Amino acid sequence: MSAAAADRLETDVLIVGGGFAGLACAIRLARASEGKLSVLLLEKASRIGGHLLSGAVLRPRALDRLLTPEERGALPLGPVVVADHFHALLPGFSLRLPFVPPKMRMKGLPMLDVGAVARALAEIAAGLGVEIVTSQTADTLLWDGDRVAGVASDGDEIGAACTVLAEGPAGLLAAELLKRNPALRGPNLQTYAVGVKEVLEVPADPDKTGRVLHTFGWPLPWSLYGGGFLYRTAPDRIALGLAVALDSTDPGFDPHELFRRWKTHPLIRRETAGGKPVAYGARLIPEGGWFSRTAPAAPGVRIVGDAAGLVDAMELKGLHLAIESGIDAADGILRDRGLPVPANALPPGDGIPSLDGLRRTKNYRAAFRGGLPVGMGMAGLAWITRGLLPPGRIAQRDERHCLRPAKAAPPAPRPESGPLDLGIDSDLYLANLSYRDGTPSHISIPDPSPCRDCIARYGAPCTRFCPAAVYERAPDGAPADAPPIRIRHENCLQCRTCTLKCPSDAIRWTTPVHGNGPDFRGL
Ligand SMILES: Cc1cc2nc3c(=O)[nH]c(=O)nc-3n(C[C@H](O)[C@H](O)[C@H](O)COP(=O)(O)OP(=O)(O)OC[C@H]3O[C@@H](n4cnc5c(N)ncnc54)[C@H](O)[C@@H]3O)c2cc1C
Ligand code: SF4
Ligand code: SF4
């Protein structure tokens, strides 16, 4: 990296985001270019992994193309899955399916703490010469005509021959790029789920290590796409979470409360008995699939991982696609610059082999618009016919504009707190939130006039869909000119649900600076 002017730095490749996609791209570039390219990676968290949250079970094949056998062997991967079960939940009881759908079979795959593995990848990248800067947020794109020319970050300009957007789901820079160049969007709207997750410390039971359990059904209505997962990642650790789709039509949609209710099911209670939550977080999952993914590149820029919509919703997996797309972007950059690509590079256009899984299930997520039974039927059909049926393209529901007025669907009653569930404030404590004193709020509602109508029509959905209780109704008796919604930005988990689900698009959200936000541990 060179300083061309006091406040403008230059680098060959600038990578925004230190998740699996950004780190894979950085490692591939640095190793292949043998120091001929300067590679700078910016990460907004105060440490690599601090803003990462996943399940997680990994399809690890892509790591073999990225790492040497020694590096691969030294990665802190967890135990492999020894048994996986799939349960339908009904109020008070559950049915274990006699088979696990092919895409959900995980036996033999490693579990992992994504933060720990990302830190190991970052060490490899740094060892190869990548400059990694944490607590550094890319704020906006720099443009040279229609070409992306780098980013602005904390008042500085960072110019780059190529900028790689690896910001994860619903990133602000990707949104800026797509707004300026809508042709980069897929033909379908992108659609998201929010995943709410905890890690529990439980009484040690080595025999249960490596067990995986997935659920569908209760407490989600059949019209709402989503499901739960519970992974025994160590003898005394359970990772559990619930992913729920943002295209819920219910203004009472409350992912945190749904998660609390899910944890009260006898099946989940049995698995988690004696446990104590030690970590909490939430994050989006782009679920649209094949028809919602973005183009991989535009002049001066490449889009990788979740930023490009590369998640296989049928199996709830995107880590392998993040790695593959990071490698593919790196190989493309090397080719563009006339540098030799590694011997195991795949031809342009075929560089992300796992995209075939998305193609095979191209209408999978959209088919759930018709409810759970229709969606499951379509999913089976798609898998058997290798994606030929259902034919054509089913459109996704517009998750921002699909709410029904509140009267039609009153919010569900809130469950009592219990030993495994101490309520949202205790959960937030486990997200290790830190917003530096004096930094302005990254969330605002510049024009609250739509809020009054929204409160009357939908009962202020933001006070429920945010899994961190950031939004609060002004108390009864507040002055008429007081803002109708109060914002506790210091609770924010940076999941970005609010930027997608506010029906009036009234919420303005800028990416927090200085490493502010959660510091997820073991999520
Ligand atoms: C609940 C849940 C369960 C999941 N389970 C699995 C699973 O079991 N297996 C699987 O394979 N996948 C799973 N996934 C999906 C998987 O986690 C993602 O597909 C994957 O993490 C995407 O990686 P990424 O590098 O594209 O994005 P991310 O992991 O989101 O990384 C993006 C990084 O960019 C940083 N960033 C964002 N904006 C900026 C900015 N402006 N400036 C600087 N830095 C920025 C963020 O802080 C973050 O560190 C799951 C996801 C969730 C939410
Ligand atoms: S911020 Fe959005 S969701 Fe919340 S009350 Fe205002 S318009 Fe409604
Ligand atoms: S304020 Fe928005 S980004 Fe922050 S936790 Fe709530 S929904 Fe997520």
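Last residue of the sequence shown: 605 (this note's numbering), numbering continuous.
The beta-carbon is built from N, C-alpha and C at its ideal position, and this holds for glycine as well.
Model, not experiment: these values are computed from the prediction.
| Asked | Found |
| --- | --- |
| Note down, in chain order, each residue of its chain lying with its Cβ closer than 8 Å to the Cβ of Arg187, except the 5 sequence neighbours on either side. | Asp166 |
| Indicate, with yes or no, if ligand 1 has a heavy atom lying under 7 Å from the CB of Gly323. | yes |
| With 16 other CB atoms within 10 Å as the buried threshold, where does Ala425 fall? | exposed |
| Could you check the C-alpha separation between Ala208 and Arg451 for me, to the nearest Å? | 45 Å |
| I'd like the list of long-range same chain contacts for Ile367, defined as Cβ closer than 8 Å, with 5 residues on each side in sequence excluded. | Pro251, Tyr274, Ala275, Val276, Gly277, Ala325, Asp388, Val393, Ala395, Leu398 and Gly400 |
| To test your reading of the DSSP string, which unbroken beta strand (DSSP E) runs of 3 or more residues are found completely within the region 420–490? | none |
| On the three-state DSSP scale, how would you describe Val121? | strand |
| Tell me the residue span of the alpha helix (DSSP H) that contains Asp287. | No alpha helix (DSSP H) holds Asp287; DSSP gives it neither H nor E. |
| So, helix, strand or coil for His596, using DSSP? | coil |
| Helix or strand or just coil, what does DSSP make of Pro359? | strand |
| If you draw a straight line from the C-alpha of Leu91 to the C-alpha of Gly101, how long is it? | 23 Å |
| Distance, Cα to Cα, Arg171 vs Val163? | The identity of residue 171 in the sequence shown is Leu, whereas the question assumes Arg. Spanning the two alpha carbons is a distance of roughly 22 Å. |
| So, for Leu266: in the same chain, excluding its five sequence neighbours on each side, which residues have a beta-carbon less than 8 Å away from its beta-carbon? | Leu259, Leu260, Thr376, Ala377, Ala380 and Ile385 |
| Nearest-angstrom Cα distance between Ala62 and Asp601? | An answer regarding residue 62 cannot be provided, because it is not within the stretch 83 to 605 covered by the chain. |
| Name the DSSP bridge partner or partners of Phe175? | Leu172 |
| In the structure shown, what three-state DSSP assignment does Thr354 receive? | helix |
| Near ligand 3, which residues have their beta-carbon closer than 5 Å to a heavy atom? | Cys548, Ala550, Val552, Cys574, Leu575, Cys577, Arg578, Thr579 and Cys580 |
| Quick one: Cα of Pro435 to Cα of Pro557, how far? | 54 Å |
| Looking only at its own chain, which residues have a Cβ that is under 7 Å from the Cβ of Ala220, when we skip the five neighbours before and after it? | Val98, Leu124, Val233, Ser235 and Leu255 |
| Buried or exposed: where does Tyr511 fall if 16 or more other Cβ atoms within 10 Å of its Cβ makes it buried? | exposed |
| What is the DSSP secondary structure of Leu203, reduced to helix, strand or coil? | helix |
| In angstroms with no decimal places, state the Cα-to-Cα distance between Pro472 and Gly308. | 21 Å |
| Could you tell me whether the region 135–145 touches the region 281–288, using the rule of 3 or more Cβ pairs below 8 Å? | no |
| Do you know offhand how far Pro532's Cα is from Thr443's? | 38 Å |
| How about Thr216 and Ala127: are their beta carbons less than 8 Å apart? | yes |
| Could you tell me the alpha carbon to alpha carbon distance between Leu157 and Ile130, rounded to whole angstroms? | 15 Å |
| Hey, Asp94 and Asp238: beta-carbon distance below 8 Å or not? | no |
| Using the three-state DSSP reduction, which class does Gly382 fall into: helix, strand or coil? | coil |
| Leaving out five residues on either side along the sequence, give the residues of the same chain with a beta carbon under 7 Å from the beta carbon of Ala204. | Gly100, Leu105, Ile130 and Ile214 |
| Put Leu387 into one of helix, strand or coil per three-state DSSP. | Sequence check: residue 387 is Gly here, not Leu. The answer is helix: DSSP assigns Gly387 an H, G or I state. |
| Buried or exposed: where does Glu280 fall if 16 or more other Cβ atoms within 10 Å of its Cβ makes it buried? | buried |
| Bridge partners for Met193 per DSSP, in chain order? | Val139 |
| Name the DSSP bridge partner or partners of Thr93? | Ala242 |
| Inspect the beta-carbon positions of Ala390 and Ser407 and report whether they are closer than 8 Å. | yes |
| For the alpha helix (DSSP H) that Ser115 lies in, which residues bound it at each end? | Phe102 to Ser115 |
| Out of Ile206, Asn573 and Thr315, state which residue places its alpha-carbon closest to the alpha-carbon of Asp195. | Thr315 |
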